[in-house]
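Just so you know, full-length UniProt numbering puts 281 at position 281 of the sequence shown, and the rest follows in order with no gaps. Even glycine gets a Cβ: it sits at the ideal position worked out from N, Cα and C. Beneath this line is the structure, given in structure tokens, with notes to follow.
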Amino acid sequence: MLILKAKSSAQVMKAYNQQRVLNVIYYEGPISRIDIAAKTGLTQQTITNITGRLLEENIIIEGKSTGSGAGRKPIPLEINHSQLYAIGIEITVQSIRGILVDFNHNILAEQSIDAANYNNADDTLHYLQSIIDALLTNASSLQLIKGIGISIQGVVDPLAGIVINSHALHLKDYPLKEKLEQHYSFPVHIDNDINTIAIVENSGGALDSSQNNLTLSIDEGIGGAIVINKELYTGYHHRAGEFGHIKTFFGKDALPCHCGSAGCLTTMASIGGLENVFSISIDNMIKEIMKGNQRYENALLKIGNAIGDGLCNLIIFFDPEKVLLTGRLFDMAGDFIIPIIKEKMKTSVPHFSRDVILEYLSKRQEQASMAAELAIQEMFKL
Ligand SMILES: [Zn+2]
1 MLILKAKSSA QVMKAYNQQR VLNVIYYEGP ISRIDIAAKT GLTQQTITNI TGRLLEENII
61 IEGKSTGSGA GRKPIPLEIN HSQLYAIGIE ITVQSIRGIL VDFNHNILAE QSIDAANYNN
121 ADDTLHYLQS IIDALLTNAS SLQLIKGIGI SIQGVVDPLA GIVINSHALH LKDYPLKEKL
181 EQHYSFPVHI DNDINTIAIV ENSGGALDSS QNNLTLSIDE GIGGAIVINK ELYTGYHHRA
241 GEFGHIKTFF GKDALPCHCG SAGCLTTMAS IGGLENVFSI SIDNMIKEIM KGNQRYENAL
301 LKIGNAIGDG LCNLIIFFDP EKVLLTGRLF DMAGDFIIPI IKEKMKTSVP HFSRDVILEY
361 LSKRQEQASM AAELAIQEMF KL
């Protein structure tokens, strides 16, 4: 029993050391064995053993030696980006879309299916698997697939791999990760759509340099993500960042919300809420404002002020370095709304927090591509 235990802890250490080496090569490669040893504190012999295995499995490759002078030149090692694949899936209320990408983010195959086809949890799983299976036929070897990332509109527990609630997808307390990992030999990672954006943008994206930040997305609905010391904060119910339900409308503007409360930001400031309250599409509202329609301009002013009020409260509470704005409302009406928010910040946020950087993310990767990135990052995570 003791021997078994000793063996298993040695195996854990071996796996952990390999992960450290992979992490350094991914984030700092091309890098020589000697530099990996310096960065990880592992011995030269351990690095030689680990990199030998990774080379054999085609996970890393050797580059051309760039050293000068006499003696043996260090050979740089890097991830075999073009030969490793991940699958990214976006599950929305409207559709499931999947892509097969290499680690350079080149799309090698894509598949999608309309939501009209799924009516219960079994349907959702069935169509999800049919998309994954179709994508896998495009991979030269299943061993090259390193993970599946899934971005879902709904409440998700990413650690347990459970979809806690997605009304539109008919999933409730559904162990999606487990169900899929029973079928496939590679790891499955799931998260909600906004957290996926925040994770990707915090690693190599618009939020890369910031340790503490907020992401606010306004589309049909409103979502948010909170990153504290580079870690996603998810909350007790995995519902942190529900910015759509902070109270920003009062008096006669405090309309009832589907959450059971009233006056929530989403009731009027989400695209769904706005179109419902003002009985006009966002596209037509913008067209009317361009023609000088004062009623709709006032409507957008009210919405901009509400978003600004809500955001200022969040800034006061979280003291972020950066706030990332994204989503179709900003794509359509950002030129009008973002200056209103900035103006609010000048007066509503205490002077010590006024240097917070407000950034609008205009060019997002598509959600399926970000989901694939989620799987890729998981492979190199410590
Ligand atoms: Zn609400």
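Practice problem: Could you pull out every unbroken beta strand (DSSP E) segment of at least 3 residues lying fully inside the stretch 107–142, listed in chain order? | Solution: 107–114
Self-check item: Status (buried if at least 16 other CB within 10 Å, exposed otherwise) for Arg72
Solution: exposed
Practice problem: Can you check the stretch 8–42 for any alpha helix (DSSP H) of at least 4 residues that lies completely inside it and give the ranges in chain order? | Solution: 33–40
Quiz item: Nearest to His105 by CA position, among Leu176, Glu181 and Ala86, is which residue?
Solution: Ala86
Quiz item: Mapping DSSP to helix, strand and coil, what is Pro187?
Solution: coil
Exercise. Less than 8 Å between the CB atoms is what I'm expecting for Gly235 and Gly272, so what's the real figure, rounded?
Key: 23 Å between Cβ atoms; not a contact.
Practice problem: Find out if the Cβ-Cβ distance for the pair Ala375, His189 is shorter than 8 Å. | Solution: yes
Quiz item: With distances taken between CB atoms, is the gap from residue 391 to Thr326 smaller than 8 Å?
Solution: Absent from the model: residue 391. The displayed extent of the chain is 1 to 382, so no value can be given.
Quiz item: Using the C-alpha atoms, what's the distance from Val200 back to Ile316?
Solution: 25 Å
Practice problem: Compute every distance between the C-beta of His237 and the non-hydrogen atoms of ligand 1, then say whether any falls below 7 Å. | Solution: no
Quiz item: Can you pull every residue whose C-beta falls closer than 5 Å to some heavy atom of ligand 1, listed in chain order?
Solution: His245, Cys257, Cys259, Ser261 and Cys264
Exercise. Specify, as a first and last residue, the run of the beta strand (DSSP E) that Lys146 falls within.
Key: Ile145 to Ile152
Quiz item: Looking at C-alpha atoms only, which residue of Asp208, Asn298 and Ile25 is the closest neighbour of Ile228?
Solution: Asp208
Quiz item: How long is the line joining the alpha carbons of Asp133 and Pro187, rounded to whole angstroms?
Solution: 15 Å
Quiz item: So is Pro320 buried or exposed if we call it buried at 16+ other beta carbons inside 10 Å?
Solution: buried
Self-check item: Per-residue burial, Ser32 [other beta carbons within 10 Å of its own, 16 or more giving buried]
Solution: buried
Quiz item: Hey, Leu136 and Gln83: beta-carbon distance below 8 Å or not?
Solution: no
Quiz item: Tell me which same chain residues have a C-beta within less than 8 Å of the C-beta of Asn305, skipping the five on either side of it?
Solution: Ile340 and Lys344
Quiz item: Would the beta-carbon of Ile47 fall within 8 Å of that of Val21?
Solution: yes
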